[in-house]
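Q:
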Amino acid sequence: MRKRLLFCGLLAIFVLSFVSCAKEKEYKLNESTFFLVMTNMQYYPEQYLNKNIEFDCFTYDLSDVDGNVYRCGVRKCSSGYGCKCGKDTVIGFLLRYDGSLPEPKNQSEDTNEKSWIHLSGTLTSTEKTKITVYAYNADGSINKNSTEIIEFLTFDVSEVSVISDYSGLNYYVTK
Numbered sequence: 000m001r002k003r004l005l006f007c008g009l010l011a012i013f014v015l016s017f018v019s020c021a022k023e024k025e026y027k028l029n030e031s032t033f034f035l036v037m038t039n040m041q042y043y044p045e046q047y048l049n050k051n052i053e054f055d056c057f058t059y060d061l062s063d064v065d066g067n068v069y070r071c072g073v074r075k076c077s078s079g080y081g082c083k084c085g086k087d088t089v090i091g092f093l094l095r096y097d098g099s100l101p102e103p104k105n106q107s108e109d110t111n112e113k114s115w116i117h118l119s120g121t122l123t124s125t126e127k128t129k130i131t132v133y134a135y136n137a138d139g140s141i142n143k144n145s146t147e148i149i150e151f152l153t154f155d156v157s158e159v160s161v162i163s164d165y166s167g168l169n170y171y172v173t174k
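By numbering that gives the first Met the number 0, the letter at position 1 of the sequence shown is numbered 0, and the numbering carries on one by one without gaps.
(1) May I ask you to report which of helix, strand or coil DSSP gives Asn39?
(2) With DSSP as the reference, please indicate the residues paired to Phe151 in a beta bridge.
(3) In or out: Tyr59 buried (at least 16 other Cβ within 10 Å) or exposed?
(4) Below 8 Å, how does it come out for the region 106–121 and the region 140–147: are there three or more Cβ pairs, yes or no?
(5) If contact is defined by three or more beta carbon pairs under 8 Å, each pair taking one atom from either stretch, is the region 50–69 in contact with the region 117–130?
(6) Could you pull out every residue in the same chain whose Cβ sits closer than 7 Å to the Cβ of Pro101, ignoring the five residues on either side in sequence?
(7) Tell me the residue span of the beta strand (DSSP E) that contains Asp55.
(8) Compare the Cα-Cα distances from Pro103 to each of Val172, Leu61, Asp164 and report the closest residue.
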């Protein structure tokens with residue numbers, strides 16, 4: 000009987016410590032993990048809910064068909080989450096922050112010369128914001144006769160720092 004009580008007590012301590020450690024999990028995305036973890040977050044956001052997340056990205060303003068502008072933290076990728084066109088797109092989050100974030104730089108150009116930032120924060124909701132945008136033609140011009148819906152999770156930013164030396168960061172991420 001004593002052995003059984005001791006075993007149950009030790010098991011309870013193990014389970015409680017495991018659960019408490021799991022709640023403290025942090026995700027620090029880097030160059031080799033950014034695309035896959037970010038894609039996984041889009042499909043399974045509940046796994047990342049209220050976890051500390053850090054990553055490097057550039058600021059990006061997304062305008063919907065009504066002229067509303069959404070500040071995002073993204074990287075460019077090929078056929079990211081939700082993209083059905085097979086063309087390059089962006090992957091990242093809508094950003095919620097009480098302070099100011101750097102204005103996007105060279106947003107429409109394929110260059111690493113962007114407004115790079117390091118973000119820390121959490122996902123506090125699994126709800127995605129649907130944004131209706133105009134589609135693009137093959138030549139890169141906007142097609143106002145066709146729209147697409149893009150879905151973004153919202154990232155609650157707790158800390159932001161500007162990255163001045165982004166030479167080791169990839170504007171374009173892949174698997």
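Yeah, the Cβ is synthetic: ideal placement off N, Cα and C, and Gly gets one too.
Please read all numbers here as calculations on a predicted model, not as lab measurements.
A: So, from the listed chains and residues:
(1) Here Asn39 sits in helix by DSSP.
(2) Phe151 has Thr128 as its beta-bridge partners, per DSSP.
(3) Tyr59 comes out buried.
(4) Touching, no.
(5) These segments touch.
(6) Leaving aside the five residues that flank Pro101 on each side, the residues in its chain whose CB is nearer than 7 Å to its CB run, in chain order, Thr58, Ser114, Ile116, Val161.
(7) Annotation for Asp55: the continuous beta strand (DSSP E) segment containing it runs 51–62.
(8) The candidate whose alpha carbon is nearest that of Pro103 is Leu61.
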